[in-house]
Amino acid sequence: MHLAHPRRWLLALYVVSALLVTIQQVAWHRHNNFDVFRAASANLVAGRDLYAAHPDQHFDYYKYSPSFAALFLPFAELPLAAALFTWNALNALLLCFALARLLPQRQANLALALVYVEALLAMQYAQSNSLVAALMILAFVALEEGKQLGAALATALGACIKLFPLAALALAAFHPRKLRYGVTFAVVLGALAALPLVLVPPHQLVAQYGSWRAIEALDTLNRGYSVMQYLYQWLGADWPTWPVQLAGTAVFLLPLVRGPACRGDPDFRRLFLCSLLVYVLLFNHQSERATFVIAFAGVCIWYVSSPPSRLRTTLLLVTLLVMVLHDVDVVPRWVKSDVLIPYRVKGIPYLVVWAVMQAELWGFRGWRTWRAAGPPGTIAT
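Read in my numbering, the sequence shown has 606 at position 72, and its numbers run on one by one without any break.
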């Protein structure tokens, strides 16, 4: 049976899911992350240290930038239920918009259907990862369309939420006027960094950035779901995170040396975007369960825009299967608590997929396809 207007049904699914998740979060009081964000806005205005413990407000530490606290102020002013629904819907719909801008319609619809479960899981944490994924994709789209200011704004906004979207600056390697783009980005980032000055005096803002730097330094001891975690668990390698991150960054960037012929290929550029989205999970020492929506968006884009092959389909199915086992109650609780979560099993398929992406970026297409490839992917209009 052919479903008429699949895009409308998918958008409705995302919006209804945002509403249902919001009802669940409010009814069961499961919105601590959102409480952290709202409290940060209030603390910024009140001149309190954003990065200190505030047990009377929430049960965690705020770890985003002072600029994010300023940008989040409208959500802090709305009633809780309205603000939480708006936040969940913003995350979901901006990801939908980004995929629709990146991919032709049929590919975008399939990607939206595939990424839905991971986006739903991220929504349940009231986190910002779907928003970050969307901003990185939109930065790519803007650069493809020659809109440097839009790309700079998307990347800078992402960096105000989490630092790792700065990796999207590598996308500029495919385009002319790199120096101009660098200057544009620096100006936009500087303006966003100074945005809290509308609310607080300069000396308070300087102190807030100092506190942010201090709490980020403490987090360098974490490994999350990163490659550093696997090296520690499998090989006992108790190394600092930065050498592994440096090596991973080198592997990520190395395909750029292949020359103008490759960099001028839209399929190569889109594949590099997919590699970027998975890279920021695998080499991010702060990666957590809610971060996977970013990497899975990359896997979905890679799958729907590549010629069908048994290898790609198998990797996608394995990734989906592990996600279901890890995040849905289909296995005994002890399997999760004793195996899946401690050993970070959910991230292993992404490591394999990323290795396959690197091979493809270097021109290897040895896996057999089921049919001839269609026309190269283009940016949707």
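Where is the CB? At the ideal position from N, CA and C, for every residue including glycine.
Counting along the chain, Gly744 sits inside the alpha helix (DSSP H) bounded by residues Pro736 to Leu752. Less than 7 Å divides the Cβ of Leu629 from the Cβ of Ser664. Boundaries of the alpha helix (DSSP H) harbouring Arg572: Asn566 to Ala580, taken from the DSSP string. The residue from Phe898, Val555 and Pro774 with its alpha-carbon nearest to that of Gln661 is Val555. Of the residues assessed, Gln558 falls on the exposed side of the cut-off, its CB having fewer than 16 other CB atoms within 10 angstroms.
Relative to Val838, the option among Arg640, Ala693, Phe571 and Leu731 whose CA is nearest is Arg640. For Val570 and Ala795, the gap between their C-alpha atoms comes out near 47 Å.
Within 10 angstroms of the beta-carbon of Ser575 lie 16 or more other beta-carbons, which makes it buried.
With respect to Phe830, Glu678 sits apart: the two C-beta atoms are not nearer than 7 Å. Just so you know, the alpha carbons of Val549 and Ala626 end up roughly 8 Å apart.
With at least 16 other beta carbons inside 10 angstroms of its own, Arg823 counts as buried. Apart from sequence neighbours up to five positions away, no residue of its chain approaches Ala616 with a beta-carbon distance below 6 Å. Secondary structure at Gln820: coil, using DSSP grouped into helix, strand and coil. Linking Leu636 to Pro800 through their CA atoms gives a straight-line distance of about 11 Å.
The count of Cβ pairs closer than 8 Å, one atom from the region 604 to 623 and one from the region 749 to 762, stays below three, leaving the stretches out of contact. Only buried fits Ala642, as 16 or more other CB atoms lie within 10 angstroms of its CB. Under the three-state reduction of DSSP output, Pro600 falls in the helix class.
Take the alpha-carbon of Val560 and the one of Tyr764: they are about 36 Å apart. By the neighbour-count criterion, in which a residue is buried when 16 or more other Cβ atoms sit within 10 angstroms of its Cβ, Phe619 is buried. Spanning the alpha carbons of Val734 and Ala693 requires a straight line of approximately 21 Å. Residue state for Trp543 is assigned as helix, using DSSP reduced to three classes. Assigned with DSSP and collapsed to three states, Asp594 falls in coil, not helix or strand. The alpha-carbon separation between Ala725 and Phe898 amounts to approximately 43 Å. Sixteen is the threshold: since fewer than 16 other Cβ atoms of the shown chains lie within 10 Å of the Cβ of Leu752, the residue is exposed.
Three or more beta-carbon pairs separated by less than 8 Å link the region 701 to 711 to the region 800 to 819, which places the two stretches in contact. Rounded to whole angstroms, the Cβ separation of Ile749 and Lys880 is 26 Å, and the two are not in contact under 8 Å. Pairing Leu731 with Leu739 gives a Cβ-Cβ distance under 7 Å. In this model, Leu788 and Ala645 are separated by some 27 Å (Cα to Cα).
A straight-line Cα-Cα distance of about 8 Å links Ala690 and Pro699.
Runs of the alpha helix (DSSP H) spanning 4 or more residues and lying entirely within the region 767 to 820 occur at 775 to 787, 794 to 797 and 800 to 816, in chain order. Using a Cβ distance threshold of 7 Å, Phe674 and Leu807 count as a contacting pair.
Inclusion of Trp888 and Leu790 in the CB contact set at 7 Å is not warranted, their separation being larger than that value.
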